[in-house]
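Read through the structure below, which is laid out as structure tokens, and then see the notes.
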Amino acid sequence: MKFTKMHGIGNDYIYINSFEEKIVPDEMTEEIIAMSDRHKGIGGDGVIFILPSEVADARMRMFNADGSEGKMCGNGIRCVGKYVYDKGISHSNPLMVETESGIKKLDLEIVDGKVATVTVDMGCPSLVPTDIPVKLGVDKVVNYPLKINDNEYFITCVSMGNPHCVIFTTNVDNIDLEKIGPLFENHPLFPERINTEFIEAIDDTTLKMRVWERGSGETLACGTGACASVVVAVYNDIVKKNEEIKVILKGGDLYITFDDERVIMRGGATEVFTGEYNLIRKPHQK
331 MKFTKMHGIG NDYIYINSFE EKIVPDEMTE EIIAMSDRHK GIGGDGVIFI LPSEVADARM
391 RMFNADGSEG KMCGNGIRCV GKYVYDKGIS HSNPLMVETE SGIKKLDLEI VDGKVATVTV
451 DMGCPSLVPT DIPVKLGVDK VVNYPLKIND NEYFITCVSM GNPHCVIFTT NVDNIDLEKI
511 GPLFENHPLF PERINTEFIE AIDDTTLKMR VWERGSGETL ACGTGACASV VVAVYNDIVK
571 KNEEIKVILK GGDLYITFDD ERVIMRGGAT EVFTGEYNLI RKPHQK
């Protein structure tokens with residue numbers, strides 16, 4: 331099976347052109363886990379399949395490194411836009427991509443015939459607990475106190491098509507994310523698990539963020555997490571709406587604007603290499 335390795339500021343995925351590769355993503359769980367392995371496979375935060383769509387230029391399905399499916403991936407969709415344009419699947423600009431959380435519009439910046447930067451309309455965030463989901467009988471989960479390992483954290487939960495829990499801190503570099511991340515991800519409050527962002531406000535236009543993604547662990551970047559963090563920062567009067575906010579992540583910077591109705595994300599997309607992967611299929615058990 332042919333593949334392309336791409337990343338959005340370090341958030342790396344293995345991309346499969348399902349216009350050409352006639353495979354069923356739902357039957358690929360074992361292969362997704364094996365391919366994502368950084369020692370025995372290709373290595374990545376997961377696998378993204380680029381498929382034909384009846385309602386858009388292309389469709390994407392995103393799977394985490396543990397084989398579970400995610401409904402949306404901000405860094406991933408930028409790379410899908412680059413792949414679709416650069417490989418000639420569609421030269422529409424803006425480009426429309428169907429995801430499990432709706433159709434997204436991508437504006438492409440073209441340099442020397444290739445996509446360099448992608449701006450994505452990520453749609454309207456939701457703080458409604460049932461949309462995230464969070465098992466709390468409140469209107470919004472905003473600065474809600476949650477005790478984990480005898481420490482109290484004030485969480486705000488947002489859906490950007492996938493679930494996010496945002497916590498502000500004064501020193502994000504000192505967070506023991508390997509220890510605390512899984513406790514948030516698997517907390518009983520979150521029936522579908524949760525992506526958790528720890529945020530430090532640098533100034534009124536800059537945030538610094540680290541993220542623990544459900545199914546993948548700590549990643550170098552998370553596009554939807556950066557969007558959720560800016561939404562929460564706006565609600566807490568830390569940054570202003572309608573202004574582009576720089577979010578500093580381990581893998582690079584994203585630029586997010588929230589105007590109360592929608593979130594706009596701008597960032598790069600990079601192709602790393604292409605190759606072929608030998609699929610190992612087990613025989614069906616009787």
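Counting from 331, one number per residue, gives the positions in the sequence shown under the working numbering. A virtual CB, placed ideally from N, CA and C, is assigned to each residue, including glycine. Nothing here was measured: the structure is a model prediction, and the numbers come from that model.
By DSSP, does V414 sit in helix, in strand, or in coil? helix
How long is the line joining the alpha carbons of E548 and I378, rounded to whole angstroms? 18 Å
Within 10 angstroms of the Cβ of K538, are there 16 or more other Cβ atoms? Answer buried if so, exposed if not. buried
What do you get for L438, buried or exposed, if any count of 16 or more other CB atoms within 10 angstroms of its CB means buried? buried
Same chain, Cβ closer than 7 Å to T600, five either side skipped, listed in chain order
M336, H337
Those residues which DSSP pairs with H337 across a bridge
D342, T600
Three-way DSSP call (helix, strand, coil) for K580 in this model: coil
Taking Cβ to Cβ, would you say E574 is nearer than 8 Å to T587? yes
Under the criterion of a Cβ to heavy atom distance below 7 Å, does S398 qualify as lining the ligand ZN? Questions concerning the ligand ZN fall outside what the structure shown contains, since it holds no ligand whatsoever.
Exercise. Starting from T554, follow the alpha helix (DSSP H) in both directions and report where the run begins and ends.
Key: 553-565
Worksheet item: Would the beta-carbon of N341 fall within 8 Å of that of C557?
Response: no
**Prompt:** Since M426 is in the beta strand (DSSP E), which residue starts that stretch and which ends it?
**Reply:** 425-429
List the endpoints of the continuous alpha helix (DSSP H) containing T359. 359-366
| Cβ atoms of K576 and E565: under 8 Å apart, would you say? | The sequence shown places Tyr at residue 565, rather than the Glu named in the question. Not in contact: Y565 and K576 (Cβ atoms no closer than 8 Å).
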